[in-house]
Amino acid sequence: MDLKQKKVYIHTIGCQMNVYDAEQMERGLSPIGYVRTPEIGDADLILLNTCAIRAKAEQKVFSFLGRLVKLKNERPELIIAVGGCVAQQEGKRILSRAPYVDAVFGTHAIGRLPEIIEKIRAGQGPVVDVALSAGEAAFNPFPMSDTGHHPPEKSISSFVTIMQGCDNFCTYCVVPYVRGREASRHPDRIAEEIRTLVAGGVREVTLLGQNVNSYGKKEGLPTFTQLLERISEIEELSRIRFTTSHPKDLSDELIGAFGRIEKLCRHIHLPVQSGSDIILSRMNRKYTRKEYLAKIDRLRGLCPDIAISSDFIVGFPGETGADFQKTLELIQQVRYDSLFAFKYSDRPQAPAARFSEKIDEAVKAERLGEVLDLQQRVTLERHRSLVGQDVQVLVDGYARKNEGRESGRGIQWTGRTDTNKIVNFYGGQDPENTVKGDTGACGEEIFSGRMISVRIKDAFPHSLSGVPLHPAAIGPGTKGEKHHAA
Ligand code: SAH
Ligand code: SF4
Ligand code: F3S
Numbered sequence: 315m316d317l318k319q320k321k322v323y324i325h326t327i328g329c330q331m332n333v334y335d336a337e338q339m340e341r342g343l344s345p346i347g348y349v350r351t352p353e354i355g356d357a358d359l360i361l362l363n364t365c366a367i368r369a370k371a372e373q374k375v376f377s378f379l380g381r382l383v384k385l386k387n388e389r390p391e392l393i394i395a396v397g398g399c400v401a402q403q404e405g406k407r408i409l410s411r412a413p414y415v416d417a418v419f420g421t422h423a424i425g426r427l428p429e430i431i432e433k434i435r436a437g438q439g440p441v442v443d444v445a446l447s448a449g450e451a452a453f454n455p456f457p458m459s460d461t462g463h464h465p466p467e468k469s470i471s472s473f474v475t476i477m478q479g480c481d482n483f484c485t486y487c488v489v490p491y492v493r494g495r496e497a498s499r500h501p502d503r504i505a506e507e508i509r510t511l512v513a514g515g516v517r518e519v520t521l522l523g524q525n526v527n528s529y530g531k532k533e534g535l536p537t538f539t540q541l542l543e544r545i546s547e548i549e550e551l552s553r554i555r556f557t558t559s560h561p562k563d564l565s566d567e568l569i570g571a572f573g574r575i576e577k578l579c580r581h582i583h584l585p586v587q588s589g590s591d592i593i594l595s596r597m598n599r600k601y602t603r604k605e606y607l608a609k610i611d612r613l614r615g616l617c618p619d620i621a622i623s624s625d626f627i628v629g630f631p632g633e634t635g636a637d638f639q640k641t642l643e644l645i646q647q648v649r650y651d652s653l654f655a656f657k658y659s660d661r662p663q664a665p666a667a668r669f670s671e672k673i674d675e676a677v678k679a680e681r682l683g684e685v686l687d688l689q690q691r692v693t694l695e696r697h698r699s700l701v702g703q704d705v706q707v708l709v710d711g712y713a714r715k716n717e718g719r720e721s722g723r724g725i726q727w728t729g730r731t732d733t734n735k736i737v738n739f740y741g742g743q744d745p746e747n748t749v750k751g752d753t754g755a756c757g758e759e760i761f762s763g764r765m766i767s768v769r770i771k772d773a774f775p776h777s778l779s780g781v782p783l784h785p786a787a788i789g790p791g792t793k794g795e796k797h798h799a800a
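The numbering used here runs 314 ahead of the 1-based position in the sequence shown.
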């Protein structure tokens with residue numbers, strides 16, 4: 315084995331699961347001598363971590379690969395490996411489209427990535443490994459504790475995959491085909507990983523699964539709510555989030571958890587996809603609009619301030635103008651805090667690709683615009699209603715645009731409320747009204763990882779801004795303090 319340090323560049327497309335997987339890849343490659351680099355030009359190994367959810371995501375993969383031809387020609391020893399959902403879906407077909415690729419590794423092959431790379435270095439490439447496994451073997455085995463390595467950028471908040479795959483087979487969706495059957499990770503492994511993350515400074519975890527409500531059912535493990543309870547006992551962890559919750563499986567037990575588990579953030583992502591029962595049924599979502607709304611009512615009954623977000627697909631095959639109106643009405647009725655909306659995209663492996671009555675691209679674009687415009691108005695109204703209120707913000711770090719430094723207003727910090735709203739604030743300029751944090755080496759107050767009370771002063775379409783209050787809930791423990799309205 316060549317022990318000289320080598321560099322790996324990882325390019326991730328897709329959902330949070332892929333972000334988590336990228337960290338897994340990084341940790342797996344560390345024992346064979348690779349460190350991550352943010353500079354593609356410095357890399358000895360380029361990993362492309364791909365997404366197949368919509369045609370556009372897939373196109374990104376091939377355009378990125380196209381740009382690598384030049385690099386590979388200049389440096390033939392450069393190793394290029396394609397992983398993730400497109401790798402799983404396409405397998406060796408990727409090699410015929412991009413013959414300079416050295417390895418294709420599927421969503422369950424991350425544990426074998428070190429061997430794959432060693433093989434290529436030994437001149438035994440190309441390698442294609444897209445085997446899917448079942449049960450615990452579906453989890454890639456590089457927990458945090460292996461190397462004591464912590465996520466490089468987001469050290470306050472981290473993703474933790476608790477489930478793999480999906481058994482729901484929504485008719486538009488490729489996930490069951492590229493991520494395999496649903497499998498849950500053992501609670502001991504999950505708790506171990508979170509403890510290690512917390513020891514490294516993480517204060518918030520987002521538990522990931524395609525359908526977290528069915529956690530543990532197959533394996534006879536504790537329920538998802540019991541898992542939440544167990545994780546909430548980890549000291550120094552301030553906040554727990556999770557995604558995604560399928561409306562059909564959202565149980566009263568989990569709804570109850572929002573009123574009971576202090577550290578559980580008051581936010582639920584509850585993708586509905588459409589407001590029309592006919593479309594919901596053709597999507598195989600297994601709930602009606604009425605059932606969905608009843609769950610929203612129960613959530614708000616127990617936890618009135620809960621933030622609710624959703625996903626929508628516009629232009630599903632056969633979606634009429636009347637169906638689409640029902641979607642708009644639902645958005646108005648629920649008044650989501652935020653939503654994601656997508657134009658329906660044919661996925662060759664998913665059954666809806668073969669449904670008739672495809673909707674024109676122009677109509678889809680128009681419907682998408684209507685949904686986004688409507689939600690933008692609702693979001694701004696919701697944000698404005700928070701002006702004057704005091705909220706608890708878990709600070710992530712410096713805000714991206716930090717004009718304050720030059721203008722003399724101090725450092726601008728950014729964080730989120732437990733309801734997942736972005737709040738920016740300046741810290742360090744007004745002794746009357748400012749929290750004194752630790753003083754960093756450069757004389758700046760360090761707020762990262764702290765829970766700060768902020769009075770909201772201004773509302774924008776994507777964020778809020780305010781001033782920190784004194785005395786605020788600061789301190790190294792940063793307990794999950796929040797005002798439970800329930
Ligand atoms: N497991 C999650 C969804 C994961 S995919 C759930 O069931 O909620 C994220 C979102 O992508 C979906 O909620 C859906 O809105 C969108 N999506 C999935 N397949 C799509 C397709 N073929 N075309 C357009 N959007 C799609
Ligand atoms: Fe896809 Fe449906 Fe599974 Fe979500 S629940 S991943 S949309 S099949
Ligand atoms: Fe994309 Fe795969 Fe996630 S298809 S959305 S990266 S599970």
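Beta carbons: idealized from backbone N, C-alpha and C, even for Gly.
DSSP three-state assignment for residue i, whether helix, strand or coil
i: Tyr414; result: coil
i: Glu758; result: Residue placement at Glu758 cannot be trusted, given a pLDDT of 48 that sits under 50; what the coordinates show is reported in the next sentence. Note: Glu758 maps to coil in three-state DSSP.
i: Lys320; result: strand
i: Ala636; result: helix
i: Gln438; result: coil
i: Glu340; result: helix
i: Asn332; result: helix
i: Phe483; result: coil
i: Glu518; result: strand
i: Val444; result: coil
i: Val677; result: helix
i: Val737; result: strand
i: Lys562; result: helix
i: Ile470; result: coil
i: Gly405; result: coil
i: Ala451; result: helix
i: Gln689; result: helix
i: Thr475; result: strand
i: Arg764; result: coil
i: Lys657; result: strand
i: Asp732; result: coil
i: Tyr650; result: coil
Nearest neighbour of residue i, chosen from the options [CA to CA]
i: Lys609; options: Ile575, Asp563, Asn598; result: Asp563
i: Ala497; options: Tyr529, Ala667, Ser623; result: Tyr529
i: Gly741; options: Val701, Ala773, Ser777, Leu783; result: Leu783
i: Ala395; options: Arg495, Ser588, Asp358; result: Asp358
i: Ser588; options: Asp443, Thr634, Lys370; result: Thr634
i: Gly425; options: Arg614, Ala371, Ala452; result: Ala452
i: Leu521; options: Glu543, Met477, Pro490; result: Met477
i: Leu607; options: Gly632, Glu643, Lys657; result: Glu643
i: Gln540; options: His500, Thr728, Val383; result: His500
Residue i Cβ short of 7 Å to the ligand F3S heavy atom set
i: Ala371; result: yes
i: Val488; result: yes
i: Met339; result: no
i: Ala497; result: no
i: Asn332; result: yes
i: Val474; result: no
i: Gly398; result: yes
Own chain partners of residue i with C-beta closer than 6 Å, once the 5 adjacent residues on each side are dropped
i: Gly328; result: Cys365
i: Pro466; result: Residue confidence for Pro466 is low, a pLDDT of 43 falling below 50, so the modelled location carries little weight; the figure read from the coordinates is stated next. Here the set comprises nothing.
i: Leu551; result: Val512
i: Thr733; result: Arg580, His581, Ala621
Nonlocal neighbours in the same chain, by C-beta distance under 8 Å from residue i, ignoring five residues either side
i: Leu616; result: Ile569, Gly570, Phe572, Gly573, Ala800
i: Ile470; result: Gly515, Val516, Arg517, Glu518, Leu708, Val709, Asp710, Gly711, Ser762, Gly763
i: Lys320; result: Gly347, Tyr348, Val349, Asp358, Leu359
i: Ile548; result: Ala505, Ile508, Arg509, Val512
i: Leu686; result: Ala655
i: Gly330; result: It is worth fixing the name first, because residue 330 is Gln in this sequence and not Gly. Phe473, Thr520, Leu522, Thr557, listed in sequence order.
Minimum Cβ-Cβ distance from residue i to chain C less than 8 Å
i: Cys329; result: The displayed structure is made up of one protein chain only, and chain C is not part of it.
Residues near residue i in its chain [Cβ-Cβ closer than 7 Å; skip 5 each side]
i: Thr326; result: Asn332, Val333, Ala336, Asn363
i: Val648; result: Ile610, Ile622
i: Asp356; result: Lys321
i: Ile434; result: Ile393, Asp416, Ala417, Val441
i: Arg614; result: Ile620
i: Phe483; result: Pro490, Asn598
Near the ligand SF4: residue i beta-carbon under 7 Å from a heavy atom
i: Gln524; result: yes
i: Asn527; result: no
i: Cys329; result: no
Heavy atom of the ligand SAH within 7 Å of residue i beta-carbon
i: Thr558; result: yes
i: Arg661; result: yes
Give the list of continuous beta strand (DSSP E) stretches no shorter than 3 residues that lie fully inside the region 569-618.
581-583
Only counting runs of 4 or more residues, tell me where the alpha helix (DSSP H) segments fall wholly within the region 521-558, in order along the chain.
538-546
Suppose only complete runs of 3+ residues qualify. What are the beta strand (DSSP E) ranges in the region 363-396, listed by chain order?
none
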